[in-house]
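All residue numbers in the sequence shown are consecutive under my numbering, ending with 193. A short worksheet on the structure shown next.
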Amino acid sequence: MPDDHGRSVLTGIVADFASLHPKVELEVQCALGVGFESALISGTLDVAVFDAEKPHKGQEVLRESALVWRGRRDRDFDLADPLPVALFDRSCWWRDIALSSLEASERSFEVVFTSESSVGIRAAVESGIAVGLLSTEEDLADLAPVGGLADRHPTFLVLQRGVGGVGPVCDAMSETIRRAFRV
11 MPDDHGRSVL TGIVADFASL HPKVELEVQC ALGVGFESAL ISGTLDVAVF DAEKPHKGQE
71 VLRESALVWR GRRDRDFDLA DPLPVALFDR SCWWRDIALS SLEASERSFE VVFTSESSVG
131 IRAAVESGIA VGLLSTEEDL ADLAPVGGLA DRHPTFLVLQ RGVGGVGPVC DAMSETIRRA
191 FRV
């Protein structure tokens, strides 16, 4: 599971699963979701939760949200030239969408902050140094939309099981994850 989906959600998943299955040893990876699909295919991971641009066969949608351009409410980024931007520092579809959106807007921009997680992007946006593409799952109340940038790119939080993700233990973990995201 990517670390930006909330410590409390992961805490609940681990606690619920461990209370029901105390003899099962868990190995949890909190990392960028970019490599999860290949790890599932190779058998390195049994079960993963990550964001997908478009869910495909074998992926169960846990939640649908959108990516939106936001900046700090007390900063006027609509006329900023160049527009200061926070982006993911690695190749991923969130970064690709952000760059495509910026290029389509024909606004000049400057990448002033990079991070490997949305937690870092959010910190840059909240500090007022940049605008960023954030999930609507986050509390955006203190942030304002950025004019002139395409808004509302869909994103799907998915559960996917790997080639080794079979049997009652993986069934139980998958059900625990489903319950955690039904809130």
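C-beta atoms are modelled at their ideal positions from N, C-alpha and C, and glycine is treated no differently.
If one requires a minimum length of 4 residues, the alpha helix (DSSP H) runs lying completely within the segment 24 to 63 are 46 to 52, in chain order.
Between the C-alpha atoms of V129 and A76 there is a straight-line separation of about 16 Å. In the DSSP assignment, G142 falls within the unbroken beta strand (DSSP E) covering G142 to S145. Two segments are said to touch when three or more pairs of C-beta atoms, one from each, lie closer than 8 Å; by this definition the segment 77 to 84 touches the segment 145 to 152. Nearest in C-alpha terms to H163, of all of G174, D181 and G142, is G142. Within the DSSP bridge table, the entry for E120 names P94 as partners. Taking the Cα positions, A114 is about 24 Å away from V44. Excluding residues up to 5 positions away in sequence, V78, W79 and P155 lie with their Cβ nearer than 7 Å to the Cβ of D161 in the same chain. A check of alpha carbon separations from E47 across T165, E35, K33 and H66 identifies H66 as the nearest.
Beta-bridge annotation (DSSP): G175 is not paired with any residue.
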